[in-house]
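Protein chains in written order, with the UniProt record's numbering: chain E, 1 to 342; chain W, 1 to 373; chain C, 1 to 321.
Glycine included, every Cβ here is placed at the ideal spot set by N, Cα and C.
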Amino acid sequence: MSKKSFRQAINEALRLEMRRDPRVILMGEDVAGGQGGSAGTVDAWGGVLGVTKGLYTEFGPERVFDTPITEASYIGAAAGAAATGLRPVAELMFVDFVGCCLDQIMNQAAKFRYMFGGKARTPLVIRAMFGAGFNAAAQHSQALYPLFTHIPGLKVVIPSSPYEAKGLLIEAIRDDDPVIFLEHKVMYDDEEEVPDEAYTIPFGEANLTREGDDVTIVAFGRMVKLANEAADRLERQGIGCTVIDPRTTSPLDRDTILDCVADTGRLVIVDESSPRCNMAADISALVAEEAFDALKAPIRRVIPPHTPVPFASVLEALYLPDAAKIEAAVKAVMNHNVTEAA
Amino acid sequence: MNASITPITMPKFGLAMTEGKLAGWMVRPGATVRAGDDLADIETSKITNAYESPAAGILRRQVAQEGETLAVGALIGVLADAEATDAEIDAFIARFNAEFSAGSAEDAEEAPPEPSVIDVKGRALRVLDIGHGDGDPIVLIHGFGGDIGNWLFNHAALAEGRRVIAFDLPGHGGSGKDVGDGTLAFFSTVVVDLLDTLGIDRAHLVGHSLGGGVALTTVKNAPSRVASLALLAPAGLGPDVNMAFIDGFITADRQKTLIPVLSYLVHDKGLIGRKMADDVLRYKRLDGAVDALRRVAAANFADGKQTDTLRPVLESAPPTLIIWGKDDEILPASHAAGLPEAVTVVILPDTGHMPQMERSDDVNGRIRAFLAR
Amino acid sequence: MQIARETLLRSYRAMRTIRDFEERLHVEFATGEIPGFVHLYCGEEASGVGVCANLTDSDTISSTHRGHGHCIAKGVEVSGMMAEIYGKSTGVCRGKGGSMHIADLSRGMLGANGIVGGGPPLMCGAALSHKVLKDGGVAVAFYGDGASNEGSTLESLNLATVWKLPVVFVVEDNGYGEATGSSFAVAGTQKARAEGFGMPYMECDGSDFFAVHQTAGEAIAHARAGNGPVMLHVHLARWYGHFEGDAMSYRAAGEVAEARRDHDCLVLFRRKVTEAGLLDDAELDAIDESVRDEIESSVVAAKAAPLPEAADLLADVYVRY
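Printed below as a string of structure tokens:
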């Protein structure tokens, strides 16, 4: 056990699973990097943000495959390889690039099992980084997990910390269904204690990172960290928050969300993805349908506006949810009855 | 006046870089550089890049030393004309650093002692070894499903003036997950191996629950290595064991199902929170952990009864203290009845299976007094 | 011509089975009893069968929306296919795939595919599996002239070459992508495309089983030996419309009639093997009769088979969820 970054935790998960199971292979643009370059170096990058560094060196060209910049062919190849005996982990780099290969994910990998009457297994993991906060602008900053969550046959994982990332990625690699594993790009240098050994965190089981009696906050990925910050501030002001990290949007731990809403009677949802048809909307519908009577105040969503992600820092900050916005939303739901009485 | 002084700061390469290591200077102090000349090699968690000088001038100072890691934007060097005096440059550096570090005040706290994983005759054991003193050291042996964290409230208190070693049994905590045949005899050989590895001839064994059974078995198999026994709700003194706890501990896979199981451990059910459950779940998620627990349970609690009968060991044991919670729901306190007179037995009221947590001060005091006798 | 007698009989039977299967579907579809839509492979039988005669169950193929022929050629069981097309629970996909998604992974058949250009990337992956697992297998991507223009296909030609994969790209060129002629939609030539990616190009007449078998055999041997991908361009004629119900108003009068008259792979096959004394008419007639019975009984069984149950709606979305 030692402190490890989000990046190291993911690298370690890949390394341990590749050691454990020879069917696990890695592919993606520059997952090693440097092949064909004039310097003759390989493993030059280890992924554009260094997440897969060293894996080519350890496992070699029979397990780690650099690809041309052709997402449709290699994501499709990953799906085909998964259906025929390998357990590929394909890196899509920025999740925004899914536009180039959505067919292979949505119409092929996700559908095999159902379309083929339950006879296919597609143990595929697609890793991609997502999210705003780096001035990466509209084509490199989206949080597209609702897009994947929408597609039956896919599982969608959004780790919120290094510990979560390692356990969830190992679970993803051992899972027999296609899994979309989304890493928030602002978190790669976050650090925490992570066991050296392999471990798994089951899907569809939410984690409560804070517990309080007044308001339930549901948050995803990096938003969990912001929600925790807001909850800690609110705690000092006498408002107790339960923070739920669902870990996976598909499957979604509906029971924990409904249980906590039943306990607190108030719900704030923090979702970095574009607001229409996102997780905040989905969970709002769930709670409205299943826990209407428990609600003491309207549900509040802390969400970006319906715009592309802007480039300039000042606009990007306006766009993104942050701890202050979460804090304000919690206070708003707390003040709901007070306002009414006044 | 100092318009000709240019700060050279830690550059930002790529999206995610927050800090960089100055891997090496490529220009000597006093050398003249042109804009675009390579100044230094900067290493980040993913790449090493040559940093090109943003301006022309003389490299008057190398503020950052080779191998130093600095935040993006921190001052690593100073470029200036020959006219700038050393005093001006010093003032510039001081002002820059003051402005840069404002808001990023460091809070250097002394880190608590960290456990380490050591090799014990080919076996990886996580060990937390603290305290110094002349007397025989104490070795703390936790119970089924436990780890060194079970001694959170005891370790430091017992280590005042004495070396105290806590470790994770094989299959538990951060130790390797091979539990051999899972028997008390197996674990007792590991205790002796640990003593050998640490160069300890003889130790006081403090054992909780299954760890108490391990301590008793160690007395049986290697009596010369045991100075005394302090046993907290030990296994081996009777047939009964709460199999709902054992089975539930093995099978529960989420906080919601685990919390009721952990509640068997204590008299005050409020002590069992999600954090404790989460720690147990984190352990159980490790590859091999649940298999290890199953094997240990099969070896020690087959058919819902304790396998080993260790009461005879106490007939000729070293000095022995037994502490038991009156309301123990895992191993009943009635197992402490009818023991040889030489054994000191303490039954604590309003206490469950973990007296070292529920009555830590009391337990610590009694063990210290027992050892000081 | 060094084809084993056994292979000749099996191949003739497969081609006859495809023909009868499709002709029967043409009739049955018109009754309205078959849900959805179907795309028929009539006239193209020698292509699928000639290629697959060089494969075993441990090789993998992907197919297209016009997939019945490839399924039968790769050994998928006919009654299960028929039941699938009728949407019955006894179908190979339990009535959840239908005509365009018939698959049988145990036979190395990774599915007909409703997406034009869907198969080639998948076959890069199957070929990667064969390569990494060192099982000696080859992957074959069947796709049409229409799909040959898809980005996913062109990317796959590149990827397969870059990774030196054991994959054969079989372009089944029947001259039409839906209702648009390939002379309009396909720029340049398939040959130039293959050469552009640095891979060997071969072509053959798809109505001649022997030509297909021979050429595909060479292509597959090349890939199996670890020499990288090959493109096999098969020239074909489509006897029916893009889908059933297509009036084919875009095709000149007599185009199909000529194909049926002069390029019927079954007629050509029979002529060749009987003239060469390899097989006689009696054994071929016996196959014809046996296939007729098999198709008849598969239709009867499919019509009588139970429909899927409500619980099947929710089953098999995931292995575990």
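Residue-level contact to chain E via CB, residue i, 7 angstroms cutoff
i: Leu210 of chain W; result: no
i: Glu178 of chain C; result: no
i: Arg254 of chain W; result: yes
i: Leu286 of chain W; result: yes
i: Glu109 of chain W; result: Bear in mind that a pLDDT of 44 at Glu109 of chain W, under 50, signals an unreliable position, so the model cannot answer this.
i: Ala18 of chain W; result: Before going further, note that residue 18 of chain W is Thr rather than Ala in the sequence given. Closer than 7 angstroms: yes.
i: Gly174 of chain W; result: yes
i: Lys88 of chain C; result: no
i: Ala211 of chain C; result: no
i: Glu106 of chain W; result: Residue placement at Glu106 of chain W is poorly supported in this model, since its pLDDT is 46, which falls under 50; the coordinates are not used for a value here.
is_contact[residue i, chain C] using C-beta, thresh 7 angstroms
i: Pro308 of chain E; result: no
i: Arg121 of chain E; result: yes
i: Pro298 of chain E; result: no
i: Asp30 of chain E; result: no
i: Met223 of chain E; result: no
i: Arg174 of chain E; result: no
i: Asp103 of chain E; result: yes
i: Asp177 of chain E; result: yes
i: Tyr114 of chain E; result: yes
i: Ala72 of chain E; result: yes
Per DSSP, the bridge partner or partners of residue i
i: Arg126 of chain W; result: W:Val117
i: Leu267 of chain E; result: E:Thr216
i: Met27 of chain E; result: E:Phe65 and E:Ala90
i: Phe142 of chain C; result: C:Val170
i: Glu193 of chain E; result: E:Lys3
i: Cys241 of chain E; result: E:Val215
i: Gly324 of chain W; result: Checking the sequence shown, residue 324 of chain W turns out to be Trp, not Gly. Partner(s): W:Ile347.
i: Tyr12 of chain C; result: DSSP output for Tyr12 of chain C lists no bridge partner at all.
Residue j beta carbon less than 7 angstroms from that of residue i
i: Arg127 of chain E; j: Phe59 of chain E; result: no
i: Ala235 of chain W; j: Leu210 of chain W; result: yes
i: Leu157 of chain C; j: Phe197 of chain C; result: yes
i: Ser2 of chain E; j: Thr149 of chain E; result: no
i: Phe203 of chain E; j: Lys155 of chain E; result: yes
i: Ile295 of chain C; j: Asp20 of chain C; result: yes
i: Ile85 of chain C; j: Ile18 of chain C; result: no
i: Ile269 of chain E; j: Ile283 of chain E; result: yes
i: Leu16 of chain E; j: Ala198 of chain E; result: yes
i: Met10 of chain W; j: Gly24 of chain W; result: no
i: Ile323 of chain W; j: Ala333 of chain W; result: no
i: Gly98 of chain C; j: Gly36 of chain C; result: yes
i: Ser175 of chain W; j: Leu125 of chain W; result: yes
i: Ala324 of chain E; j: Arg300 of chain E; result: no
i: Pro146 of chain E; j: Met279 of chain E; result: yes
i: Thr67 of chain E; j: Gly28 of chain E; result: yes
Cβ of residue i within 7 angstroms of any chain D Cβ
i: Arg274 of chain W; result: Included in the structure are the protein chains E, W and C, with no chain D among them.
Distance cut-off 6 angstroms: residue i Cβ against heavy atoms of the ligand GDP
i: Thr64 of chain C; result: The ligand content of the structure shown is nil, which means the ligand GDP is not present either.
is_contact[residue i, chain W] using C-beta, thresh 7 angstroms
i: Leu258 of chain E; result: no
i: Glu197 of chain E; result: yes
i: Leu208 of chain E; result: yes
i: Thr41 of chain E; result: no
*asked:* Check whether the stretch 162-176 of chain C and the stretch 79-95 of chain E are in contact - that is, three or more C-beta pairs closer than 8 angstroms.
replied: No contact exists between the stretch 162-176 of chain C and the stretch 79-95 of chain E.
*Go through the stretch 81-162 of chain E residue by residue and report every complete run of the beta strand (DSSP E) that reaches 3 residues or more, in order.*
Counting whole runs of 3 or more residues, the stretch 81-162 of chain E contains the beta strand (DSSP E) stretches 87-94, 125-130 and 155-157.
_3 or more residues per run - each beta strand (DSSP E) lying fully within the stretch 154-230 of chain C_ = Unbroken beta strand (DSSP E) stretches of 3 residues or longer found wholly inside the stretch 154-230 of chain C: 167-173 and 201-205, given in chain order.
_I want to know whether the stretch 65-73 of chain C touches the stretch 43-54 of chain C - three or more CB-CB distances under 8 angstroms._
Contact check between the stretch 65-73 of chain C and the stretch 43-54 of chain C: three or more CB pairs, one atom from each, fall below 8 angstroms, which counts as touching.
*State whether the stretch 116-123 of chain E contacts the stretch 62-75 of chain E, with contact taken as three or more CB pairs (one from each stretch) at a distance under 8 angstroms.*
Too few Cβ pairs lie closer than 8 angstroms, so no.
_Inter-stretch contact at 8 angstroms, needing at least 3 Cβ pairs: the stretch 27-47 of chain W / the stretch 55-70 of chain W_ = Contact between the stretch 27-47 of chain W and the stretch 55-70 of chain W is established, with three or more Cβ pairs separated by less than 8 angstroms.
_Measuring CB atoms only, is the stretch 258-272 of chain E touching the stretch 285-300 of chain E, in the sense that at least three cross pairs come out at less than 8 angstroms?_
Touching, yes.
*For the stretch 149-156 of chain C against the stretch 103-122 of chain C, are there 3 or more C-beta pairs whose distance is under 8 angstroms?*
In this structure the stretch 149-156 of chain C lies against the stretch 103-122 of chain C, because at least three pairs of beta carbons, one per stretch, are closer than 8 angstroms.
*Cβ contact (3+ pairs, closer than 8 angstroms) linking the stretch 283-298 of chain W and the stretch 315-330 of chain W*: Touching, no, given that fewer than three Cβ pairs across the two stretches are closer than 8 angstroms.
_Sufficient close CB pairs (3 or more, under 8 angstroms) joining the stretch 214-232 of chain C to the stretch 246-258 of chain C_ = Verdict: no, contact absent.
_Threshold first: 4 residues or longer. Then list the alpha helix (DSSP H) segments lying entirely within the stretch 189-273 of chain W, N to C._
The stretch 189-273 of chain W contains these whole alpha helix (DSSP H) runs: 210-221, 243-251 and 255-262.
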